[in-house]
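Remarks on the structure that follows.
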Amino acid sequence: MKSLLSLTAGLAMAAMLAPTTASALIDNTPHDFSNAAWNFRSGEICRVCHIPHDVENPNLTDGAGNPLPLLWNRAIDTTTTFQPYQIFSTPSSGTMPTVGQPDGISKLCLGCHDGAVALDEFDAQSDGSRRTATWSGTDTFVQDVNPDALIPSMGVGDLRRTHPISMTYPSNLYVHNSPSFAPTSRPLGMSGTIGDVLDNGKVQCSTCHDVHAEEAMPGTALLRQGVTPSTATDGRASSLCRTCHLK
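For the sequence shown, my numbering assigns the number 296 to the last residue and increments by one with no breaks.
Below is the structure:
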């Protein structure tokens, strides 16, 4: 009995000391800028977006003097008035959500993806001194970046051809007397449920995309669920869309 207990304890200790491998890491993903030509903090990944201190940098605010959330280390555009997606359907019951100006996490995402703020405008350079580095062209700071990552498709500030963001998830909406959206308890890939990826009840960029690639489906644009049968956990076509939209 004593030998069995010793063996069990030894195996438990070995398991504790054995190296572990995370299911997914940010290394070598679209948000790993450690080797980007424009990254003046060469070799660092996290600092391009986050900073552990120096949150009182006057350039890193929401435009009203308030520090940005998530220890954000990037300047954001506080002057652009966006043209949001237009909703045309008429509900038979429930309230059609209002799509206004981007807020929350999406506002941080647009700090890069709106095409107004330079990729290298972060940390000590968040004062606008590098704002000439845009998402396209041959500038040395952006030549290694895919310009397709620019979100507004018709110029800076135009989101009319982009899935609506910063709107309350319409779980009680009915169109033509049929439910249009799944309940927030519905599973979503490896991210738990729909409700788990809403930001204060709102659909944001992070609802569909996992920027750190921890819960993103391989072979996708950091999507939380696949859009082809081979990338979806349930093997369905357009699974990401149909997780929320009842089609």
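Cβ coordinates follow ideal geometry from the N, Cα and C atoms, glycine included.
Tell me, to the nearest whole angstrom, how far the beta carbon of residue i is from that of residue j; I am working on the premise that it is less than 8 Å.
| i | j | result |
| --- | --- | --- |
| S215 | F230 | Going by Cβ atoms, the distance from S215 to F230 rounds to 16 Å, so no, they are not a contact pair. |
| G153 | Q253 | 5 Å |
| L10 | P151 | Absent from the structure is residue 10, since the part of the chain shown begins at 50 and ends at 296. |
| S234 | E264 | Contact flag wrong, Cβ pair sits at about 18 Å. |
| P133 | L208 | 5 Å |
Rounded to whole angstroms, what's the CA-CA distance from residue i to residue j? Just pull it up for me.
| i | j | result |
| --- | --- | --- |
| V148 | P213 | 7 Å |
| N108 | K296 | 45 Å |
| N122 | S91 | 15 Å |
| P196 | A262 | For P196, the predicted model reports a pLDDT of 48, less than 50, meaning its position is unreliable and no value from the coordinates is stated. |
| D163 | I125 | 9 Å |
| S288 | C98 | 30 Å |
| L271 | V260 | 6 Å |
| R291 | N106 | 42 Å |
| S185 | A167 | Legend: pLDDT at S185 = 49, less than 50; position of this residue unreliable, value from coordinates given subsequently. Near 10 Å, if we compare the C-alpha coordinates of A167 and S185. |
| H80 | I94 | 8 Å |
| I75 | G206 | 28 Å |
| P278 | M266 | 12 Å |
| Q135 | A165 | 22 Å |
| G114 | F82 | 28 Å |
| G284 | F131 | 36 Å |
| R210 | S255 | 18 Å |
| T31 | H258 | No answer is possible for residue 31: it lies beyond the span of the chain, which begins at 50 and ends at 296. |
| T181 | W87 | At T181 the pLDDT is 48, less than 50, meaning the model places this residue with poor confidence; the figure from the coordinates comes in the next sentence. Roughly 12 Å between the two C-alpha positions. |
Going by alpha carbons, who is nearest to residue i out of the options?
| i | options | result |
| --- | --- | --- |
| T128 | P101, P116, S234 and K156 | K156 |
| T242 | T211, T217, Q274 and P228 | Q274 |
| P228 | C293, I136 and S83 | C293 |
| I100 | P118, A86 and A286 | P118 |
| D245 | T269, Y218 and N84 | Y218 |
| T78 | P116, T269 and P232 | T269 |
| H102 | A281, L120 and V276 | L120 |
May I ask you to verify whether the region 164-174 touches the region 235-250, counting CB pairs closer than 8 Å and requiring at least 3?
no
To test your reading of the DSSP string, which unbroken alpha helix (DSSP H) runs of 4 or more residues are found completely within the region 235-288?
254-257
Entirely enclosed alpha helix (DSSP H) segments - the region 129-174, minimum 4 residues
153-162
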